[in-house]
Amino acid sequence: MKKNIKEFLDLVKLRNGHEPEFLQAVEEVAETVIPYIVKHDIYYGKNILLRMVEPERLISFRVSWVDDSGEIQVNRGYRIQMNSAIGPYKGGLRFHPTVNASILKFLAFEQVFKNSLTTLPMGGGKGGSDFDPKGKSDNEIMRFCHAFMSELFRHIGPNTDVPAGDIGVGAREIGFLFGMYKKLRNEFTGVLTGKGLSWGGSLIRPEATGYGTVYFAESMLNTKNESVKGKTVVISGSGNVAQFAAEKVLHLGGKVVTLSDSSGYIYDEEGIDEAKLKFVMELKNVKRGRINEYVNAYPNATFVAGKTPWEVTCDIALPCATQNELNKNNAETLLSNGCICVSEGANMPSTKGAIAAFHDAKILFAPGKASNAGGVATSGLEMSQNSLRISWTREEVDDRLKGIMKNIHDACIEYGTEDDGYINYVKGANIAGFVKVADAMLAQGIV
Ligand code: NDP
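Numbering of the sequence shown is given in my numbering, commencing with residue 497 and proceeding in unit increments.
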């Protein structure tokens, strides 16, 4: 078995040696999926995984735009169309200075499995740019988004590829991107998700990733006759996913004690209640401020500069910021402080060493491709509503979201329960995600 995995990974490394994040994501999948393939004749010897690690299409393009001082700026734009076996490519756009082909390929690869897990007909893709939205005026953001879409529009469409938001791309950016798409194509269509409510967006889409991550944590805890109620929760990030994860923890009776951004974390021992969370939402989404400003409003809280919140004692940890933000040392600290459950809101926030530590300790651990799938699932629901030209109520969408998260949890149990009864959610999510895509690829032949 080890030989099969090694041979496969050596081949992938040969082609993608300079892409560490992508190799990390592929390795995690290969280690759980190859043993499954070897045991199942219908998949064995068909090089399905080798086909899945090669993007169907990788688009890279120049984005030139003019800043407020009249200077011409040049950024690089990307769209990775990874796999369309079960539906149009679907996945977010990330605007962040660290964006490169490796990061987007890892995200697109993860997205294929995640979208499959939702049971909705969506293939996997991801895109974005090394553009840094921090400190830019609204006009600069608009000019950049328009320039970005003036190339991307050729490659996407409601039945081809439907992008959404991710880090640095929220409601404001989706609006500007949609405006330019509509102008260039001269059609009003559901080509992007995360749209405003008055022009085709879905209720609950902004909340969905964070809510879903907490629904998933609740399902995991229920397997141990536990729940979020009364638990102390540490959350990283303070963007879209972190904010709504915090909101759902409060709904379920938990206590949130941290939030963070790339400069450090705030610790509020008294708990971040609904009023304080409202302050954070205003600070981050409207004023576009930094999380350290929280302590000016709530002086009993502390700001810890340059650190991640994993040193704070908690029952539940929700990493909701970015990839590789929680390493082996952080995991060991969480475990020694009594953490019993980790549900990833971000994509691949835990390093390989951290995941191994959680598995060795046999705590509840959910990989992002399962626990944060609520966002793309609700994007799928937005696409359905656009096609039907109807809008479902908040309750209807939330019920569907809850149902989808429960189904993903059940699929993880089906494929991930070990002989000793421990649920390996990484294995479960990888195999359940793989099976549906692999079956479609086999049915469609070698294309
Ligand atoms: P936002 O841009 O709204 O927020 C990102 C947050 O993470 C900010 O607080 C940001 O801080 C912090 N962050 C970003 N990069 C770093 C870094 N290198 N180190 C420390 N903190 C960092 O993004 P989202 O909330 O939408 O996304 C967060 C994560 O969730 C990402 O991994 C994304 O891929 C994943 N995700 C998002 C979905 C969605 O629906 N939005 C769906 C599924 C997954 P700062 O402002 O300082 O950069």
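Where is the CB? At the ideal position from N, CA and C, for every residue including glycine.
This structure is a prediction, so every number in the text was calculated from the model and none was measured.
Item: When you compare the CB positions of P805 and E840, do they come within less than 8 Å of one another, or not?; Value: no
Item: Which residue spans inside the region 558-614 form an unbroken beta strand (DSSP E) run of at least 3?; Value: 568-579, 585-591
Item: Taking 8 Å as the threshold (C-beta atoms), are P702 and F672 in contact?; Value: no
Item: Which residue wins for smallest C-alpha separation from G686, given the options C816, K630, P584?; Value: P584
Item: May I ask you to check if the CB of E807 is nearer than 7 Å to at least one heavy atom of the ligand NDP?; Value: no
Item: Is I731 near the ligand NDP - that is, is its Cβ less than 7 Å away from at least one heavy atom of it?; Value: no
Item: Apart from the five residues just before and just after A907, which ones in its own chain have a Cβ nearer than 6 Å to its Cβ?; Value: A928
Item: Could you tell me the distance, in whole angstroms, from the CA atom of A597 to the CA atom of I576?; Value: 8 Å
Item: Suppose the cutoff is 7 Å on Cβ atoms and the five residues either side in sequence are ignored; what does the same chain contact list for A526 look like?; Value: I501, F504, L505, L545
Item: Report yes or no: do three or more beta-carbon pairs, one from the region 775-784 and one from the region 690-702, lie closer than 8 Å?; Value: no
Item: What is the DSSP secondary structure of P531, reduced to helix, strand or coil?; Value: helix
Item: Mind checking A713: buried by the 16 CB within 10 Å criterion, or exposed?; Value: buried
Item: Of the residues F854, D811, G708, G735, which one's Cα is nearest the Cα of V753?; Value: D811
Item: Our contact map puts P659 next to G735 with C-beta atoms below 8 Å; I'd like the distance itself, whole angstroms only.; Value: Not really, about 18 Å apart at Cβ, beyond 8 Å.
Item: Helix, strand or coil for K630, going by three-state DSSP, please let me know.; Value: coil
Item: Name, in chain order, the residues that DSSP records as bridge partners for R668.; Value: Per DSSP, none; premise fails for R668.
Item: Taking its Cβ as the centre, do 16 or more other Cβ atoms sit within 10 Å of G631, making it buried, or is it exposed?; Value: exposed
Item: Which term fits Y540, buried or exposed, when burial requires 16 or more other beta carbons within 10 angstroms of its beta carbon?; Value: exposed
Item: Can you round the beta-carbon distance between K865 and K610 to whole angstroms, since I take them to be within the 8 Å contact cut?; Value: 4 Å
Item: Using a Cβ-Cβ cut-off of 7 Å (strictly less than) and excluding sequence neighbours within five positions of L616, which residues of its own chain qualify?; Value: A873, G876
Item: Return the residue from the list D662, I533, F602, G706 that minimises the CA-CA distance to E515.; Value: F602
Item: Where do the N-terminal and C-terminal ends of the beta strand (DSSP E) with L814 fall, by residue?; Value: 812-814
Item: For P659, which residues does DSSP report across the bridge?; Value: G587
Item: What is the DSSP secondary structure of Y539, reduced to helix, strand or coil?; Value: coil
Item: Have a look at V559 and E517 and give me their C-alpha separation to the nearest angstrom.; Value: 24 Å
Item: Check whether the Cβ of N736 lies closer than 7 Å to any heavy atom of the ligand NDP, and answer yes or no.; Value: yes
Item: Could you name the residues of the same chain whose beta carbon sits closer than 7 Å to that of I909, not counting the 5 residues immediately before and after it, in chain order?; Value: I919, G924
Item: Under three-state DSSP, which class holds R553?; Value: strand
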